[in-house]
Each structure stands twice: as structure tokens, then as C-alpha cells.
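> First the structure, then my questions, so here it is.
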Amino acid sequence: MKKALYLLLSSTLLLQPSIAAEDETLPEEITVEASRDRINFQLQVDQAENQFYAMFNELVDDEDFRIECKYETVIGSLIKQRICQTKYMRDDLSTSATLSLSGVDYQISARLTEKNHQLREKAQELLESNPAFRNAAQNLSERVEEYQDEYGIEADKE
Numbered sequence: 001m002k003k004a005l006y007l008l009l010s011s012t013l014l015l016q017p018s019i020a021a022e023d024e025t026l027p028e029e030i031t032v033e034a035s036r037d038r039i040n041f042q043l044q045v046d047q048a049e050n051q052f053y054a055m056f057n058e059l060v061d062d063e064d065f066r067i068e069c070k071y072e073t074v075i076g077s078l079i080k081q082r083i084c085q086t087k088y089m090r091d092d093l094s095t096s097a098t099l100s101l102s103g104v105d106y107q108i109s110a111r112l113t114e115k116n117h118q119l120r121e122k123a124q125e126l127l128e129s130n131p132a133f134r135n136a137a138q139n140l141s142e143r144v145e146e147y148q149d150e151y152g153i154e155a156d157k158e
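Residue numbers for the sequence shown, in my numbering: 1 to 158.
Following this line, the structure appears as C-alpha cells:
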């Protein structure tokens, strides 16, 4: 008797949701509204930037032009910031820091200026000749614009 009562109760409980679902009319469409927070926006920018630089690094032959991004704590702050630099920029900053500690006043070198010019030329050449690279650049540009629009950040004028 106890087993039969248990079977009767359990089958009734299992059938109740399906019976209830038949009686109710379900909405045809459910809309979910959400907003992206600043962290998600920044992650989208970082992902687009990672994709862009990874593609750039695959396309360039010279190790000096390879770009690496990492989070560093900037002097005078406890907050880490994402810094993306080429190898030649990191090398020049290292040289500058070493000479500065030695008391030598280090000026931006002609080599650095020339490397910056070469980097711009290489990037422009790749944008013109490689559709996949151009798409990655467009995606990065769109993510940055969305971020700036959302948070009222003015674009750099340079």
C-alpha cells in the first residue's frame, strides 16, 4: 500500500508541470536587456588589440617590430595599465633608464625616430595589401570607438 501511494504521488507530481504548461499560454518572444560594463568593454578592446597585434607579428620579419602587450604598474600609481610596445621601443627605454641611473642625459635617438617611421610604413603597407589585417584593424577601431562613445572619451587627435 505504501509503495502504491508513493507511485501515485510521484506520478502526480511529475505530471503537474506538464499539465500546468498546457493551460498557460507562453509568450512568443522573450527579450533580455542587459548592458555591458566597463570591464567587458575593455576586454573587447583588448581582445581586438591582441588579434590585431598577433596578426601584425606574424606578418613582419624583423624581430624589432614585433609588438608585445602586458600589464605594468606605472611609476607613481598602484594601478596596472596595459602597455603595448615593440621590441625596439622596450630596448630604447631600457637604455634610457640605464643611462639615466648613471647620470647621463639621454635624448631620443635618430635610430628610434627612424624605427618609428619604418613601423608606420610597414603597417600602412600591410593595411593596403592584406584584407585580413585590414579587417582586424577595422574591428579594433570599432571596439575602441564603442568604448570611447560609451564613456565619453575623446579620441586622440594624432
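Note that CB positions come from ideal geometry on N, CA and C, so glycine has one too.
Say whether the segment 39-57 touches the segment 140-151, bearing in mind that this needs 3 or more beta-carbon pairs closer than 8 Å, one atom from each stretch.
As far as the Cβ criterion goes, the segment 39-57 touches the segment 140-151, which means the pair count is three or higher.
> Is it the case that the segment 118-133 contacts the segment 48-66, given that we only count it when at least three CB pairs across the two stretches are under 8 Å?
With a cut-off of 8 Å, the segment 118-133 and the segment 48-66 count as touching, because enough Cβ pairs lie within range.
> Tell me the rounded alpha-carbon separation between Gln-51 and Ile-83.
Numbered from its first residue, the sequence shown carries residue 51 at position 51. Numbered from its first residue, the sequence shown carries residue 83 at position 83. About 15 Å.
> Among all the DSSP beta bridges, which residues are the ones paired with Lys-80?
Taking the sequence shown and counting its residues from 1, the one referred to as residue 80 is at position 80. Paired residues: Thr-73.
> Buried or exposed for Ser-141, please, with buried defined as at least 16 other CB atoms from any protein chain shown within 10 angstroms of its CB.
One-based indexing of the sequence shown puts residue 141 at position 141. Classification of Ser-141: exposed, given that the 10 Å Cβ count is below 16.
> Output needed for Ala-132: all residues of its chain with C-beta closer than 8 Å, excluding positions within five of it in sequence on either side, in chain order.
Here residue 132 corresponds to residue number 132 of the sequence shown, with the count starting at 1. Once the five neighbours on either side are set aside, the close Cβ partners of Ala-132 are Met-55.
> Can you list the alpha helix (DSSP H) stretches of 4 or more residues lying completely in the segment 127-157, in chain order?
You should have 131-151.
> Please report the straight-line C-alpha distance between Asp-62 and Pro-27, rounded to a whole angstrom.
The sequence position of residue 62 within the sequence shown is 62, counting from 1. The sequence position of residue 27 within the sequence shown is 27, counting from 1. In a straight line, the C-alpha of Asp-62 is about 59 Å away from that of Pro-27.
> Whole angstroms is fine: what's the gap from Met-89's alpha carbon to Tyr-106's?
Here residue 89 is taken as the residue at index 89 of the sequence shown, counted from 1. Here residue 106 is taken as the residue at index 106 of the sequence shown, counted from 1. C-alpha separation (whole angstroms): 14 Å.
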